[in-house]
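Numbering (the numbering used here), first residue to last: 1 to 286. Think of the CB as a built atom: it goes at the ideal place given N, C-alpha and C, for glycine as much as any other residue. These numbers come from a predicted model, not from an experiment. Some notes on the structure that comes next.
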Ligand SMILES: NC(=O)c1ccc[n+]([C@@H]2O[C@H](COP(=O)([O-])OP(=O)(O)OC[C@H]3O[C@@H](n4cnc5c(N)ncnc54)[C@H](O)[C@@H]3O)[C@@H](O)[C@H]2O)c1
């Protein structure tokens, strides 16, 4: 259902790779809610994925840009605002990638060149986007910027690897830049900490199906889907959330407030045994 929440608003959306992407779902909802926007992704992802199809549905263009490359971003901001005929009212940063995760390097055996890439792609790119937008004064007053995060920024989750460090940095950038952009232009900057979601990026995490099952059991409302995440992001782009800024907002069915749930406890009650226990718990007893 459409509420015209974004009628007349212009935007910039990073990170739609295919139909499963959180950015894809958000673009569809933004279109439904009356926004106009440009889409962007890396040239490689544009070839790998199906973003052109999304652009056709949303009556827009795709401007190629690597979000780690400031020159690309400058070109994107110039071309994007020109195409839309005005400044952006909202920006979605839905970007994440870890070469260490991709290559199966564990957190105690990181390749540091890869770590730099993880941090650059998944966190510093957010700073680069914000700094470029500010340089060209490309976001309207009372505009809204959202980046996607994950609870591994606060808590250790097995297998999330160096992406946890990237998310912690991403959330910090939202606060630090949120102060500057808020004070100057009333622009709000938030991160949405989403449930595990089966997408290309999500599926790359070690044991992701188990992580999803655990989160589902732990969350009183169940895992939040990509479509539900898109709905939430739309509210953050709308004028209904004008004074929400510098926050990390959990969109996770209650997971972040839980310690143990009955559904998770049942796994033990059913007598299921983990076969890959890496620690001998008897050693913990004195
Ligand atoms: N899927 C999950 O479980 C989950 C949970 C919480 C947060 N998130 C976050 O949501 C965001 C979107 O991921 P998704 O789950 O929709 O997966 P996805 O794979 O569909 O999206 C990731 C996007 O990042 C883009 N990207 C990678 N490198 C880039 C670069 N250098 N420049 C520009 N774009 C680049 C990819 O092309 C892709 O479109 C990410 O920040 C991810 O960490 C995902």
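When you compare each of the options to residue i by their alpha carbons, which one comes out closest?
i: residue 159; options: 95, 126, 204, 189; result: 204
i: residue 253; options: 229, 11, 64, 87; result: 229
i: residue 92; options: 69, 260, 40; result: 40
i: residue 128; options: 55, 170, 267, 190; result: 170
i: residue 248; options: 147, 161, 224; result: 147
i: residue 23; options: 225, 269, 138, 285; result: 225
i: residue 212; options: 235, 234, 255, 240; result: 255
i: residue 145; options: 136, 175, 110; result: 175
i: residue 241; options: 157, 143, 219; result: 143
i: residue 136; options: 234, 74, 104, 98; result: 74
i: residue 177; options: 108, 245, 83; result: 245
i: residue 259; options: 285, 215, 31, 69; result: 215
i: residue 70; options: 54, 107, 132; result: 132
i: residue 87; options: 8, 130, 140; result: 140
i: residue 265; options: 77, 217, 28, 110; result: 217
i: residue 110; options: 161, 21, 34; result: 161
i: residue 134; options: 29, 77, 173; result: 77
Is it right to say residue i is buried, meaning 16 or more other beta carbons lie within 10 angstroms of its own, or is it exposed?
i: residue 59; result: exposed
i: residue 209; result: exposed
i: residue 221; result: exposed
i: residue 262; result: exposed
i: residue 122; result: buried
i: residue 44; result: exposed
i: residue 269; result: exposed
i: residue 85; result: exposed
i: residue 250; result: buried
i: residue 181; result: buried
i: residue 97; result: buried
| field | Ranges of the beta strand (DSSP E) found wholly within the stretch 211–268, counting only runs of at least 3 | value | Qualifying beta strand (DSSP E) stretches, in chain order: 248–251.
| Per the contact definition of three or more C-beta pairs closer than 8 angstroms, is the stretch 113–121 in contact with the stretch 161–172? | With the cut-off at 8 angstroms, the stretch 161–172 and the stretch 113–121 touch.
| Contact between the stretch 36–52 and the stretch 11–18 (3+ Cβ pairs under 8 angstroms) | Per the Cβ contact rule, the stretch 36–52 is in contact with the stretch 11–18 (3 or more Cβ pairs under 8 angstroms).
| task | Any chance you could list the beta strand (DSSP E) runs of at least 3 consecutive residues sitting entirely within the stretch 38–78, in chain order? | result | The DSSP assignment places 62–64 as complete runs of the beta strand (DSSP E) inside the stretch 38–78, in order along the chain (cut-off: 3 residues).
| task | Report the residue ranges of all beta strand (DSSP E) runs contained in full by the stretch 109–181; include only those spanning at least 3 residues, in chain order. | result | The qualifying runs are 139–149.
| query | Do the stretch 187–206 and the stretch 141–155 make contact, defined as three or more Cβ pairs closer than 8 angstroms? | reply | By the C-beta criterion, the stretch 187–206 is judged to be in contact with the stretch 141–155, since at least 3 inter-stretch pairs fall below 8 angstroms.
| Using 8 angstroms as the threshold, is the stretch 105–116 in touch with the stretch 61–70, meaning 3 or more CB pairs across them? | Touching, no.
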